[in-house]
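Report on one structure; see the data block that follows.
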Amino acid sequence: MSHLSTTKSSAATSMAELMAKTSSTPVVSLKKGDFIKGILTRLGKKEIFVDIQSKSQAIVLEHDPKMLKNIHSLLKEGQTVEVSVISPESESGQPVVSLRRFISDLIWQHLEALKKSQEKIEVTIQEVTKGGYVSLTKDGITGFLPNSHTTSTQGTLIPGKTISVSIADLNREDNKIIFSQKTTMTPEEFRALLAHFKPGTKVSGEVTSVTSFGYFVTLKIPGTESTIDGLIHVSEVAWERSEDSLSLYKVGDVVEVVVIGVDRDSYRIDLSLKRLQADPFEKVKERFPLEKQVSATVLRTEDGNVYVDLGDIEGLIKKEKVPAGTIYEVGQTVSATVTAHDPRRRRVELTPVLKEKPLMYR
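So, in structure tokens, the structure goes:
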């Protein structure tokens, strides 16, 4: 009798201890969109569970094969992870969570380390564009390999081809990754080269790429076998910009250019073709000096501004200079005085010659 009583008492004590222990573990209250840390308890092919101290273990919802592959390759059971709550409770009573942001953080941290070390990685060419190649890492991250960052050592680049590259530029905020087949210089090495490429220096280079924003040119570094990239922006091709500015040269052409600056972020030299010649607008300024009176024909009016023909150059009468109540018609002859020059827009600014100054004229 005494033995039975002792057993019951022991069982009651054990149950009480268990309930006390259970009640001491706080149960996390979940809301959709919450980010919460937990322990990865099961990493199966069909089921992935995370202990987030809820009433039951959370199940990871993921159907994307690439993401599932990353989860299995980057994580292991027992690892602390951070999940986002998709649903606080499913029909089966389990919280439903996602590991996508956590995996993305791991991948970008890895990419940052690769950029710093300049360790080579393999990417697969996905698409060929005019400016370069859309490429994919083994982690499923898409980046871009510009034509100016390719070499001839790995043969013709076609979709499906796997190549070795380093990371030249990385910006998670813009979701931008730039790959390069070339060896990336350190900041110290780049600074040392600047002595050869001071603004005003004339150099020759080979066009390696034609893009919508200009020409990429490879410049030889004096006294070495190495090269550095340069860019002739479309605005620096010719003084009078035209639609065929980017059809003047093709890949392989050798061009003479002048250094106008340095792009320290891209380790690149800024170049100009047009500055090898005098700006023809200087002659326009000589022909139309300030205070000169001219006769011009109205070409068009836009938003109150009046554009006039001065022969081979355009003149502008700003709307605040148009006399109150005056309406100009296309083809009308206007007498005006030169008041300013606008080299950037290649225009001469004018003020109408008034027979008498209207009230409140500005």
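If you count by numbering that gives the first Met the number 0, then the sequence shown holds residues 0 to 361, one letter each, in order.
For every residue, glycine included, the Cβ atom is placed at its ideal position computed from N, Cα and C.
Check each candidate in Val122, Lys219 and Ile70 and name the one with the smallest Cα separation from Ser103. Here residue 103 is taken as the residue at index 104 of the sequence shown, counted from 1. Checking every option, the nearest Cα to that of Ser103 belongs to Ile70.
Counting only the same chain and skipping the five closest in sequence on each side, list residues whose C-beta sits under 7 Å from that of Pro87. Counted from its first residue, the sequence shown places residue 87 at position 88. Here the set comprises Leu29, Lys30, Lys31 and Pro94.
Can we count Asp50 as close to the ligand GTP, meaning its CB is less than 7 Å from some heavy atom? Here there are no bound small molecules, and the ligand GTP is not part of this structure.
Could you say which of Glu281, Thr200 and Gly260 lies nearest to Glu239 if we only look at CA atoms? Position 240 of the sequence shown, counted from the first residue, corresponds to residue 239. When each option's Cα is compared against that of Glu239, the closest is Glu281.
Please tell me whether Gly130 and Ser208 are closer than 8 Å, where the distance is taken between their beta carbons. As a working note, residue 130 is residue 131 in the sequence shown. As a working note, residue 208 is residue 209 in the sequence shown. Yes, these two residues count as a Cβ contact at 8 Å.
Alpha-carbon spacing of Thr336 relative to Ala277, whole angstroms: Position 337 of the sequence shown holds residue 336. Position 278 of the sequence shown holds residue 277. Approximately 26 Å, taken between the alpha carbons.
Would you list, in sequence order, the uninterrupted alpha helix (DSSP H) runs of no fewer than 4 residues that lie entirely inside the region 81-154? 99-116
Measuring only the C-alpha atoms, how far is Gly77 from Glu224? As a working note, residue 77 is residue 78 in the sequence shown. As a working note, residue 224 is residue 225 in the sequence shown. If I take the Cα positions, the gap works out to 52 Å.
Any chance the region 251-263 sits against the region 286-303, with 3 or more Cβ pairs inside 8 Å? no
Roughly how many angstroms separate the alpha carbons of Arg171 and Trp107, rounded to a whole number? Working through the sequence shown from its first residue, we reach residue 171 at position 172. Working through the sequence shown from its first residue, we reach residue 107 at position 108. Spanning the two alpha carbons is a distance of roughly 7 Å.
For Asp33 and Leu230, I'd like the C-alpha separation in whole angstroms. As a working note, residue 33 is residue 34 in the sequence shown. As a working note, residue 230 is residue 231 in the sequence shown. Cα to Cα, the separation comes out at about 46 Å.
My guess is that Val236 and Gly204 are in contact by the Cβ rule of under 8 Å, so how many angstroms apart are they, rounded? Within the sequence shown, residue 236 is the residue found at index 237, counting from 1. Within the sequence shown, residue 204 is the residue found at index 205, counting from 1. Taking C-beta atoms under 8 Å as the contact rule, Val236 and Gly204 fail to qualify, at a distance of about 14 Å.
I'd like to know whether the C-beta atoms of Leu74 and Ile124 end up nearer to each other than 8 Å. The sequence position of residue 74 within the sequence shown is 75, counting from 1. The sequence position of residue 124 within the sequence shown is 125, counting from 1. Contact flag unset, no.
In chain order, what residues of the same chain have a beta carbon less than 8 Å from the beta carbon of Ser246, not counting five sequence neighbours either side? Taking the first residue of the sequence shown as position 1, residue 246 is located at position 247. For Ser246, there are no CB contacts under 8 Å within the same chain when 5 residues up- and downstream are skipped.
Spatial neighbours of Ser271 within its chain, please: CB distance less than 7 Å, with the 5 preceding and 5 following residues excluded, ordered by chain position. Here residue 271 refers to the residue found at position 272 of the sequence shown. Around Ser271: Ile231, Glu235, Val256, Val257 and Ile259.
Boundaries of the beta strand (DSSP E) in which Lys36 is found, first to last residue: In the sequence shown, the residue the question calls residue 36 occupies position 37. Lys36 -> beta strand (DSSP E) spans Phe34 to Leu42.
Would a C-beta distance cut-off of 8 Å place Val321 and Ser334 closer than the cut-off? Here residue 321 refers to the residue found at position 322 when the sequence shown is read from its first residue. Here residue 334 refers to the residue found at position 335 when the sequence shown is read from its first residue. Not a contact, by the Cβ cut-off of 8 Å.
Which residues mark the beginning and the end of the alpha helix (DSSP H) in which Glu285 is found? As a first step, residue 285 is located in the sequence shown; it is residue number 286 there, counting from the start. Segment Phe280 to Arg286, the alpha helix (DSSP H) holding Glu285.
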